[in-house]
Every structure is written in structure tokens, then in C-alpha cells.
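Asks:
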Amino acid sequence: MRSILYALLSLATVASTLAAEAPNTNDAGKDDGWDEKGADTTFNGEKVPPMIELTPTTMGPETKKGNWIVEFFSPYCGHCMHFKPIYQTAYEFYYTSKPFLSSDDADGDSLNTFTRYYDFKFAKVDCVAYADLCKDRKIESYPTLMFIQDGEEKQKLRGSKELKDFSDWVEELLESIRPGTRKEGGPKLPKVGATSVETGPDPKEADGGDKKEKEKEKEKVDDKKPGAAKASPSTSAALKATPIKETKPSPTPAKPASTANPSGTVTILTADNFDKHVVSTLEPWFIKFYAPWCHHCQALAPTWANLARQMKGKLNIGEVNCDAEKKLCKEAHVKGYPTMLFFRGGERVEYHGLRGLGDLLDYAEKAAAIGAGVPDVTAEEFKKMEEKEEVIFVYFYDHATTSEDFKALERLPLSLVGHAKLVKTSDKAMFDRFKISTWPRLMVARDGNPTYYPPRTPFEMRDVKKVLSWMKTVWLPIVPEMTALNARDIMDGKIVVLGILNRDRSDEFILAKRELKSAALEWIDKQETAFQLSRQELRDAKQLRIEEAEDKNDERALQNAKNIRINMDKIDRVQVGFAWVDGIFWERWIKTTYGVDVKDGESVIINDEDNRRYWDSTISGEPIRLSRAAILETIKMVTANPPKITPKSSTGRFMSTYISVRHFIGNHPFISLGMFVGFFTAVMLFGKSRRRRQFGTTGSYFQLGEKDGLLGGLGNGNFGGAKHD
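Per mature numbering (1 follows the signal peptide of the UniProt record, and there is no 0), the sequence shown runs over residues -19 to -1, 1 to 706.
In C-alpha cells form, the structure reads like this:
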């Protein structure tokens, strides 16, 4: 079989050679489009040309044909710096790999080269040098990897990846280009930065021969071991008479194999089987509701099928045709196409993220994890999680925690998918670290700083809707980067201190982020202290009423005082958030909205999105500097009611007037009502006076003594101008 394959490859090589024109030595190596200026590298003994760097002029023509992976990066991005050697190693590895084993070295014209066989190339784009190109390609974060096929964007993968994860993605793309040519499980990969590794597919025959040889060698070694001698009859009898327990470590119970998505395909769901597969089970489902005529749905179809293959054995992937299943889609409250909903039993949550394969995979992986329930962690495991996760919710419980508490807890992860991690613990070391003395208790750790869910009673801890409302206010990092996906979460319903930073100035960028975070942590501490003082004041007031009633022997007043509930939710507190935005990437929006040019340096804007207003100066009229003192002082001024610093409008004059009127009515409802009644009364009186002036003093009566009488000229009998004698 192998000899036939080699013969075919040889024939293909000869045919291509005969058909080609006389070779030009100056053009050698240019067939694949890899010759770029820069030093060559060596991998597996072969020279590897520098990776192609695309520009706005070469991007379109170069990627018009063939298969391309293009990395969009910033040289000042930490994640890009981490991914740079990984991407370079993967490029060198695949460039020098051979689709088939061959004893002959393949030259540039041979079909047995990775580039020619798959028509596949790697490239990169510097988004600092070519910001407009990255903006046109809708690059929102760095690094972003894009798979382009014949000039058309097919998939997008965001964020830095490890070599194995990146290779798995490349292997999937190669398998889709030439089905059946890639080895299951992927190739043997080099270490990052290495200059060699074994390449090429492993023939099954060679595998089988190696295994047999290894087994024979193992048998020989076992025979030579002293313990391998056969036991004598007396020894055997002794062993039978005196059973000895083997001291083996207790094995960790294996997790049951997942039954989700066994075939790796998209399940067609209808009204007949939806209840059976989705609603009546606790298995997680990721379902797309679509219409066949929808262009966005058609574009999403191959990505959705690819997602099903990737999530084989992990997560059920389904779809519903809303043209055929109108009632089912109506019950699911589908208002547009495509709509993607994640189901678990009777509960669901809508996916609002991007539709690239990388984004969907990231969400699906996190969603699949909730099928195993809320993980139980120790203090040591939690420390390791803190190194990877920026936001972690922790549920503390003890032996007295009831099944009702745990049922309420299991309903929370569904809404947290894609936002934050939820774990539970009964580890005493965790209790000591976070000073937990009552159970159950809920806390969120953001960058190592704990914030506690205020209610403590079991009834309030089981109020899922109330708990989720609190979680939504704290599930962002303390100082997140604002992107197109999280802008609404960051801006809506609160005043936001927005740091406008420039990644190009790396030193200033790090210091600015640190200063912004310090200001945020200090503000949170002050707010927590103020909250505790307010609650203590209410408790003192309640205790004072109780003591006063006891002194007067007033049983009714005493009972009323004891029934007073201290509800901190009724205390109106201004929510303040912190975030930063990449001034280069969002330059146009920042300039048109706030009039800030990031080229002038880092700056701070305090934004009130609900009222479409912002502050860019302190009480003294100076621009807000990126310092903790300036930020905290200005926050105090703008959160006062009314603000002590005059705000600027982030909208037009008409919208600004409308918002000002609405704001006045909300703050002064009774005055507004009186003004409205007064205005309405004035209009009525004015209209009445105009009617009186129009009719004069006669009101609505006619005068019989007028010249023409009641019928005017008609009273004299002059009909049609005819005369009568």
C-alpha cells in the first residue's frame, strides 16, 4: 500500500515538472509567497523564511486565494508577547511538516510539502502600524486569529492560546480542507521555541510493529526479575491459607462518561421532541433558533455544525427551524434570527456574544461545565483558581446547610455562564481567610478582594432573583477593560470612572492602570465603611425605640419597635464603577463623545450614561488627572445631589433638554405636577378669553336691528337677482 502511494506521489511530481516552464533560480522559494525580508530560521534541518507581514495594500490580493491564518496583534500587548513564540513555533513546525512519509527530501515544487498540499499559509498584521486595517476587520482585542479562505473570513479565534489548543484548531481546519488526511489526536508537537521535532504521520503498521517489539522486550525483562520466579507449591498453599490485603492507594472515582452529543452533530429539535430532550432533562443544551431565509443564519450554519463537532461528548447542540416550528419559537420568546439560547431543564439564558467559532467555543466550554454542578474547592485549589480567574463567587456552607439551600445554589450557574466562576467550600482554611462565621454565606473575590452578599438569613440566601441581581452588580472585575461586548454592563445604571489609556506608552500604561485600580479599591473600602455605619445607625435607632418603650411599659410600642426590619435596600446609594478603555482603538468614539484626544496623554472621564452627561474637570476647573487623590475628590463632588461640578452633555441639545426635563420631574414630582396643572389652567383661560374677544360684547346672539337683518340680502326677496314689481 505504501509503495503504491509513493509511486503516485512520484508520478505527480514528474507530471508537474514536465508541465512547468524552465525554472528560474531567482524565483526559487517564491511559489508559496513566503519570501519576506528578514533572517531565515531553521526547523528540522530545513530553512524557514520569515512569516508574511500583511499590510493594507497586500491584505486583499494575498489572501484572495488559498487558506490563511492571520494573527492581528499589538507589539505592546502582554498577551501578544506571550503568544508570539507559540505562533512562530507552530508556523515553523507546520511549514516543514510533510503530509506523507518519504525517504526523499521534498523540494519546493513537490506536492509533499505542507504549503502546496493544503494551500495553507500563516501571516500576521501589526495593528499599531495598520490600525485602520484592523478596524476594518472588526478586531476588538489582541491577539485575534482569523481563518481566511479564498478571501472570505470563515472563523475568528480571540485571545492567547497554548500551542496544543492552537494546533487543535489548525488540525481541524486542515481536516476540513482535505478530509481524512490528519491523524486522530493530532501530531507530536515541539516545545515552544524548539528547532526540531518528529514530523509526518505514524503508519499503523509501524505502530503495531513497535508495540509488539516493546511487549517482547517487556516480557524478557519481567522474566529476568527476581520476583518473576514461579511460586513453589508450599508457597502457593500459604498464600491461599493466609490472604494478604494489597496496600494499593484508593483510586479516585472516575467521572461518569458524558452522554451529551455522542455523534458530534447538530440535533434537529421540533415541538414533538423538544420537551423530551430539553425541558424534561437536566442536560445542558445550546440551541439556535433560525429561519432558512435569514442571511445571518445561513452564514452561521457551518460554524454551528463545526461547534457541534468540537463539543462532541461535552454539550448538546441543537437547532429549531422557526418557519416550521412557529409555536415553539413563540413560546421561547424568539424575536429575531438567529437567536441562541442555553437551556438547562426549564431554565434558559440568551447568548449575546460574537458569532465566531472561537467565541462560541469559549462560551460552550464554560456552559458545559455547569452540567457537573457547582464544584467544591479547598483553600489550595482556590489559590490556583485566583491566578487564572479575575472574578470568583464563593458559597460557604457547613454541615447544617439544608438541601433547599443547595437547590437554590444550583440555579445560579446558568446566569453566570460567560461572566464569572461559581464554587462552594466547607474548608476551614477558607473560613479563616475570609472571616466567615455564619453559614451559608456568599462572597465574590475580585482580584483577591472580597465583597460579601449583604443579606444573611437563609430565606434571603434562597431568593435566587435577589441573589442574581446582586451578582450582576459585581461580576465584572474591579477595573475591567471596556469592549463592545461589555460596554452596556459597565456603563448602564451607574456613574463610571473611565480611564482613557494608551497601550503604546507601555510604562505609563502600567502605572495608569495601577493608579486607577488603587482609586477603585479605596472607593470600595470607603463605601463599605459607610454602608456599615448606616446599618449601625439604623440598629441603634431601633434599639433606642425598644428601650424607650420598655421604660414606659408600653407593650404595643415595644412590639412595634421589635417588628422594625432594617432593610438596607431602601437606602438610595449612588453606584460607582471603574473601567479603562483603549484610547487608540476607540479614538474616534472618544473624540466625538468626550472631545478627548488620546495623543495628548492619559485622561479620566466620569460618565453618567443614564443621564447622558459627563465630567472631565475637577472642582477647580483643571482636567481630572490619573491620580488616586484627584479621582476620589472629584467622585465625591459629582455624586452629591445636586452635583457640585457642572456636567457636560454627551448628546445633542434636543436630547439634553429632554433628559434635563425628565430628571427634574423625577427629582421634584410634586412641583412638576403643580407646574403642569398651572400650565393647563393658563391655556384653558387663554383660549376662553380669545373666544370672547372674537365675538365681542354680543356673545353668541345676533342683532335683529342690523341693516341686512337675519337673512342678509335674502330677506328682501332678491333671489338670483330677479326683480318683482
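Glycine is no exception: its CB is placed at the ideal position from the N, C-alpha and C atoms.
Does DSSP put Val577 in a helix, in a strand, or in coil?
Replies: coil
Asks: Tell me whether the segment 465 to 484 and the segment 540 to 560 touch, counting them as touching only if at least three CB pairs, one residue from each stretch, are closer than 8 Å.
Replies: yes
Asks: Pick from Asp428, Phe324 and Arg422: whose alpha carbon is nearest that of Lys365?
Replies: Among Asp428, Phe324 and Arg422, the Cα nearest to that of Lys365 belongs to Asp428.
Asks: Between which two residues does the beta strand (DSSP E) carrying Asp379 extend?
Replies: Premise fails: Asp379 is in no beta strand (DSSP E) and is neither H nor E.
Asks: Could you give the DSSP three-state label for Lys402: helix, strand or coil?
Replies: strand
Asks: Candidates Leu154, Ala71, His258 and Met127: which alpha carbon is nearest Leu170's?
Replies: Ala71
Asks: CB-CB under 6 Å to Phe53, same chain, minus the five flanking residues each way: which ones, in chain order?
Replies: Val106, Cys108, Cys115, Ile120 and Thr125
Asks: Please classify Asp413: does DSSP put it in a helix, a strand, or coil?
Replies: helix
Asks: Can you say whether residue 739 is buried or exposed, counting buried as having 16 or more other CB atoms within 10 angstroms of its CB?
Replies: Since the first residue shown for the chain is -19 and the last is 706, residue 739 is missing from the structure and cannot be characterised.
Asks: Going straight from the alpha carbon of Met618 to that of Phe490, what length do you get?
Replies: Taking C-alpha positions only, Met618 is separated from Phe490 by approximately 27 Å.
Asks: Within 10 angstroms of the Cβ of Ile50, are there 16 or more other Cβ atoms? Answer buried if so, exposed if not.
Replies: Counting of Cβ neighbours within 10 angstroms places Ile50 among the buried residues, the total reaching 16 or more.
Asks: To which residues of the same chain is Leu155 closer than 8 Å at the C-beta, ignoring the five residues directly before and after it?
Replies: Around Leu155, the same chain offers Tyr99, Phe101, Thr162 and Arg163 as residues with beta carbons nearer than 8 Å, after the five sequence neighbours per side are excluded.
Asks: Is DSSP giving Arg594 helix, strand or coil here?
Replies: Three-state DSSP puts Arg594 in a strand.
Asks: Taking all protein chains shown into account, do 16 or more other C-beta atoms lie within 10 angstroms of the C-beta of Ala542, making it buried, or fewer, making it exposed?
Replies: buried
Asks: What number of angstroms, rounded off, separates the C-alpha of Glu603 from the C-alpha of Asp589?
Replies: CA-CA distance, Glu603 to Asp589, rounds to 19 Å.
Asks: Rounded to whole angstroms, what is the Cα-Cα separation between Ala522 and Asn548?
Replies: 13 Å
Asks: Taking just the CA atoms, how far does Ser157 sit from Ala286?
Replies: 12 Å
Asks: Identify whether Pro604 lies in helix, strand or coil by the three-state DSSP scheme.
Replies: The answer is strand: DSSP assigns Pro604 an E or B state.
Asks: Write down every uninterrupted run of the beta strand (DSSP E) in the segment 293 to 346 whose length is 3 residues or greater and which is fully enclosed by it, in chain order.
Replies: 297 to 302, 320 to 325 and 328 to 331
Asks: Assess, as a yes-or-no matter, whether the segment 527 to 539 is touched by the segment 445 to 455 under the definition of 3 or more beta carbon pairs within less than 8 Å.
Replies: no
Asks: Hey, quick one: how far does the alpha helix (DSSP H) through Thr454 stretch, first residue to last?
Replies: Val445 to Val455
Asks: Am I right that Ala349 and Leu309 are in contact with their C-beta atoms under 8 Å? What's the rounded C-beta distance?
Replies: Going by Cβ atoms, the distance from Ala349 to Leu309 rounds to 24 Å, so no, they are not a contact pair.
Asks: Quick check on Asn25: does DSSP put it in helix, strand or coil?
Replies: Under the three-state reduction of DSSP output, Asn25 falls in the coil class, being neither helix nor strand.
Asks: Near Lys45, which residues of its chain fall below 8 Å by C-beta distance, leaving aside the five closest residues on each side in sequence?
Replies: Asp131 and Gly132
Asks: Below 6 Å CB to CB, which residues in the same chain sit around Pro224 once its five sequence neighbours on both sides are set aside?
Replies: For Pro224, the predicted structure reports a pLDDT of 40, less than 50, and the residue's modelled location is therefore unreliable. The matter cannot be settled from this model.
Asks: Would you please state the rounded distance, in angstroms, between the beta carbons of Asp563 and Leu482? I believe it to be under 8 Å.
Replies: For Asp563 against Leu482, the beta-carbon gap comes to about 7 Å, under 8 Å, which counts as contact.
Asks: Short of 8 Å in beta carbon distance, which residues of its chain neighbour residue 756, apart from the five on each side in sequence? Order them along the chain.
Replies: No answer is possible for residue 756: it lies beyond the span of the chain, which begins at -19 and ends at 706.
Asks: Check the DSSP bridge columns for residue 749 and list the partner residues they point to.
Replies: There is no way to answer for residue 749, as the model of the chain reaches only from -19 to 706.
Asks: With distances taken Cα to Cα, identify the nearest neighbour of Pro66 among Val315, Phe147, Met665 and Leu335.
Replies: Phe147
Asks: Touch check for the segment 582 to 598 and the segment 466 to 474: three-plus C-beta pairs under 8 Å?
Replies: yes
Asks: Where does Glu52 fall in DSSP's three states?
Replies: strand
Asks: Take every Cβ of the segment 135 to 145, pair it with every Cβ of the segment 272 to 281, and state whether three or more of those distances are shorter than 8 Å.
Replies: no
Asks: Going residue by residue through the segment 439 to 520, where are the continuous beta strand (DSSP E) segments of at least 3 residues, counting only ones entirely within it?
Replies: 476 to 482
Asks: Are the beta-carbon atoms belonging to Pro421 and Thr382 less than 8 Å from one another?
Replies: yes
Asks: Is the CB of Ala280 under 8 Å away from at least one CB in chain D?
Replies: Looking at the structure shown, chain D is missing, and only one protein chain is on hand.
Asks: Taking the CB atoms as reference points, tell me whether Tyr111 and Pro37 lie closer together than 8 Å.
Replies: Contact: yes.
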